[in-house]
Amino acid sequence: MKNLGGKNNLFLWLVIAGAMFIFYDIMGGTEGSSKRIKFSEFLDYVDSGNIRSANLRGDIVEGELSDGRKFSTLSPTIYPNLIDKLRNHGALIEIVPAESSLSYLLSMLLSWFPMLLLIGVWVYFMKGVQSGGGRAMDFGKSKARLLSKDDKKVTFKDVAGIDEAKAELGEIVDYLKNPEKFMKLGGRIPRGCLLVGPPGNGKTLLAKAIAGEASVPFLSISGSDFVEMFVGVGASRVRDMFTQAKKHAPCILFIDEIDAVGRQRAGGSGFNLGNDEREQTLNQLLVEMDGFSDNSNVIVLAATNRAEVLDKALLRPGRFDRQVIIPLPDVNGRERILYVHSRDIPFSPDVKLNNIARGTPGFSGAELKNLINEAALNAARHNQNLVTMSDLAFAKDKVIIGSERRSLAISDEEKKIIAYHEGGHALVAMLTAAADKPEKATIIPTSKGALGVTLMLPERDVLLASDEALRSHISVAMGGRVAEELIFGKNKITTGASNDLKVATSTARAMVTRWGLSDDIGPVFIDDSQGHFGSNIISDELAKRIDSETRKILSNGYEEARRILTENIVALEAIANALLEYEVISGDEIKSLIRGEKIRVGMKDTKVDIGDSTSVPGSSQNDSINGTKKVNRAHGDGAELVT
Numbered sequence: 006m007k008n009l010g011g012k013n014n015l016f017l018w019l020v021i022a023g024a025m026f027i028f029y030d031i032m033g034g035t036e037g038s039s040k041r042i043k044f045s046e047f048l049d050y051v052d053s054g055n056i057r058s059a060n061l062r063g064d065i066v067e068g069e070l071s072d073g074r075k076f077s078t079l080s081p082t083i084y085p086n087l088i089d090k091l092r093n094h095g096a097l098i099e100i101v102p103a104e105s106s107l108s109y110l111l112s113m114l115l116s117w118f119p120m121l122l123l124i125g126v127w128v129y130f131m132k133g134v135q136s137g138g139g140r141a142m143d144f145g146k147s148k149a150r151l152l153s154k155d156d157k158k159v160t161f162k163d164v165a166g167i168d169e170a171k172a173e174l175g176e177i178v179d180y181l182k183n184p185e186k187f188m189k190l191g192g193r194i195p196r197g198c199l200l201v202g203p204p205g206n207g208k209t210l211l212a213k214a215i216a217g218e219a220s221v222p223f224l225s226i227s228g229s230d231f232v233e234m235f236v237g238v239g240a241s242r243v244r245d246m247f248t249q250a251k252k253h254a255p256c257i258l259f260i261d262e263i264d265a266v267g268r269q270r271a272g273g274s275g276f277n278l279g280n281d282e283r284e285q286t287l288n289q290l291l292v293e294m295d296g297f298s299d300n301s302n303v304i305v306l307a308a309t310n311r312a313e314v315l316d317k318a319l320l321r322p323g324r325f326d327r328q329v330i331i332p333l334p335d336v337n338g339r340e341r342i343l344y345v346h347s348r349d350i351p352f353s354p355d356v357k358l359n360n361i362a363r364g365t366p367g368f369s370g371a372e373l374k375n376l377i378n379e380a381a382l383n384a385a386r387h388n389q390n391l392v393t394m395s396d397l398a399f400a401k402d403k404v405i406i407g408s409e410r411r412s413l414a415i416s417d418e419e420k421k422i423i424a425y426h427e428g429g430h431a432l433v434a435m436l437t438a439a440a441d442k443p444e445k446a447t448i449i450p451t452s453k454g455a456l457g458v459t460l461m462l463p464e465r466d467v468l469l470a471s472d473e474a475l476r477s478h479i480s481v482a483m484g485g486r487v488a489e490e491l492i493f494g495k496n497k498i499t500t501g502a503s504n505d506l507k508v509a510t511s512t513a514r515a516m517v518t519r520w521g522l523s524d525d526i527g528p529v530f531i532d533d534s535q536g537h538f539g540s541n542i543i544s545d546e547l548a549k550r551i552d553s554e555t556r557k558i559l560s561n562g563y564e565e566a567r568r569i570l571t572e573n574i575v576a577l578e579a580i581a582n583a584l585l586e587y588e589v590i591s592g593d594e595i596k597s598l599i600r601g602e603k604i605r606v607g608m609k610d611t612k613v614d615i616g617d618s619t620s621v622p623g624s625s626q627n628d629s630i631n632g633t634k635k636v637n638r639a640h641g642d643g644a645e646l647v648t
């Protein structure tokens, strides 16, 4: 395909060069063209002495008159004394050999070149040019890729962590294998099934597994493949796609990212010419899925992570009858996903994938696959024969916070500020009962832009967050800014807490407007996502109350962080000094420092005497919000690492 494209480009450049040559030849030839005269006129010019020069080429005479005009004529070769006449009248005479047959053919070719050029261009475009995966005259052809039943199969064994979805979709497999079982009682299998879930959770893989289990052809296409600048092309591709599917029936037709073509249509009676192509494509898809067409042996699967933007007509029964949610995997699902992606990975005896699964709440299947791959690459980088637990821990940190940037030059003063900032996060989190506990703290810059990171992981998967957990989350986010203020003074506060303030403000505002956790506003949902321009207009008075309650929650979190750090200022000093000395300390080492115990990092020992040891609560809750698990949280100095 690549060579064909190169030949087409070469031909196109030759066509352009030929056209330019002809244009130049025409423009240049017009200026110096000669006038064809009759032979009798030529003789008159000779007799009158008006011939300045003459070139004789066989029976062709070309030359220049005394007034500078050029002429040409045909002379019979038997005409007597022509040369003598020209010489007697003072003309310059030059004898030129007659043209060969090759020169004659070249002249003929040049004279016919414009016509040949037009014919060549016409043939070129009729055959089509390679453009966007389809030929110029084949815009209406479907771009669906066929994976036949004889190709390498993906089965349910290759899909882990989504058992409920596999069980629900297993009915489609049964139908494709034994349709009579359902038809004999008058039942009808769902015409379409919509897979909904966050990116990287295995929607495409699950669709391939259904085709592999049923041993039927699998047609795959992306929603963006339908959309073109020409109105009607998308609809033509939809028709062609279903025609292909019926030829391979029974089969599965998979449309990935269907929201690219299935968005809600413009309401009202106004004109919306900008979306004519998209709407025609959607209308054709609706007709093909449920209309006069008989596509009973074609099952349509589609995937999206934005089901809320799809047109309602697309989701009604008879088209996409079912919506199967593909959620983020729980701890058991994550462990099975890790096993699936590590089948060919040689592990050392110390590797325990269940520990990795417990330490990666909120990871998608794609992120877990990337974690295993990064661990294998790290082991190979160090010339190891086996992948160890330390490689997996390194890979987990790299996926969450990025790789280390030790080459970044940081002054001693800035490094000290970062150490106290991260120490403030770690200490507040460790001494707040409802907060996630820090797994590690580091002042090594990362590739994601953070100058320091406090990585906190929930101990278990929890789908709901309490008011206490949310307020603790805000206090932990404020810990870095408060630590800077306590140690260096208010005038020395830096911009390192920008991301912390962003996360804290977003949480506080959601508590007021979305989760009904404000005493003043009460248990009410307020859609302020579009401000005063949204569908639900917010009055000025309500907006002021929302802002006031948001600031109140943030101020309470700030004061709570100040109280904890003020009462444990010696522990803050100990954590900051340990970070300055070792650059990275673990959660257990932070606990030891708070209790005044020795810590051992590498070959060094340290002991901090802080008087009475402070109790460290052991319980923690996941601050997942509104039914969606939050990914591992990291407070980063100078970077947006809270997800």
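Numbering (our numbering), first residue to last: 6 to 648.
Yeah, the Cβ is synthetic: ideal placement off N, Cα and C, and Gly gets one too.
It should be emphasised that the depicted structure is a prediction, and the values quoted were computed from it without experimental measurement.
Please list, in chain order, all residues of the same chain as residue i whose beta carbon is under 6 Å from its beta carbon, the five residues on each side excluded.
i	result
A566	V433, S480, M483, G484 and V487
L199	A307, F325 and Q328
Y436	The residue you asked about is not Tyr; residue 436 is Leu in the sequence shown. For L436, where only same-chain residues beyond five positions count, the Cβ hits under 6 Å are I569.
A250	L224, C256, L258 and V303
R193	none
Which residue marks the beginning of the beta strand (DSSP E) containing residue i, and which one marks its end?
i	result
L79	K75 to L79
K445	P443 to T447
E464	Looking at the DSSP string, E464 is not in any beta strand (DSSP E), and its letter there is neither H nor E.
S58	I56 to R62
S408	No beta strand (DSSP E) contains S408, which DSSP labels as neither H nor E.
I100	L97 to I100
A307	V303 to T309
What number of angstroms, rounded off, separates the C-alpha of residue i from the C-alpha of residue j?
i	j	result
A385	A371	21 Å
P354	V336	21 Å
A576	R410	28 Å
I260	K603	59 Å
I215	A312	21 Å
K507	D552	15 Å
G407	V458	10 Å
R57	D72	9 Å
R519	T393	44 Å
A318	L291	8 Å
I423	I448	6 Å
E578	I590	14 Å
T555	V201	33 Å
P622	D441	Summary for P622: the model assigns pLDDT 34, below 50, so the residue's position carries little reliability, and this model does not support an answer.
L333	A470	17 Å
G527	M516	10 Å
D168	I177	15 Å
L97	K40	19 Å
L462	G364	7 Å
Closer than 8 Å, CB to CB, is residue i near chain C or not?
i	result
S544	Absent from the structure: chain C. Only one protein chain is present.
Would residue i pass as a contact of residue j if the rule is Cβ separation under 8 Å?
i	j	result
L559	A502	no
D163	V345	yes
L460	E444	yes
N206	S369	yes
L491	I599	no
G228	G267	yes
P366	L391	no
In terms of residue numbering, what span does the alpha helix (DSSP H) encompassing residue i cover?
i	result
F231	First-last for F231: undefined, no H or E at that position.
G562	D545 to E572
G68	Where G68 is concerned, there is no enclosing alpha helix (DSSP H), although the beta strand (DSSP E) it sits in stretches over I65 to L70.
L4	There is simply no residue 4 to check, as the chain begins at 6 and stops at 648 in what is shown.
L87	L87 to N93
Short of 7 Å in beta carbon distance, which residues of its chain neighbour residue i, apart from the five on each side in sequence? Order them along the chain.
i	result
G95	G54
V529	G521
V51	K90, L91 and H94
G166	P334, G338, R339, R341, I342 and G370
P203	N310, L333 and S369
For residue i, which residues in the same chain have their Cβ closer than 8 Å to its Cβ, ignoring the five residues on either side in sequence?
i	result
F276	Unreliable positioning characterises F276 in this predicted model, as indicated by a pLDDT of 41, which lies under 50. A coordinate reading is not provided.
L79	F44, D64, I65 and V66
K609	Legend: pLDDT at K609 = 46, less than 50; position of this residue unreliable, no value from coordinates given.
K421	A581 and L585
Please determine, among the options, the residue with the shortest C-alpha to C-alpha distance to residue i.
i	options	result
N360	S591, R339 and A440	R339
K182	T209, D168, E169 and P222	P222
D402	F352, L413, A380 and I492	A380
F399	N383, S412, L190 and S477	N383
K497	A438, E419, P119 and K557	E419
R476	V404, D545 and G562	G562
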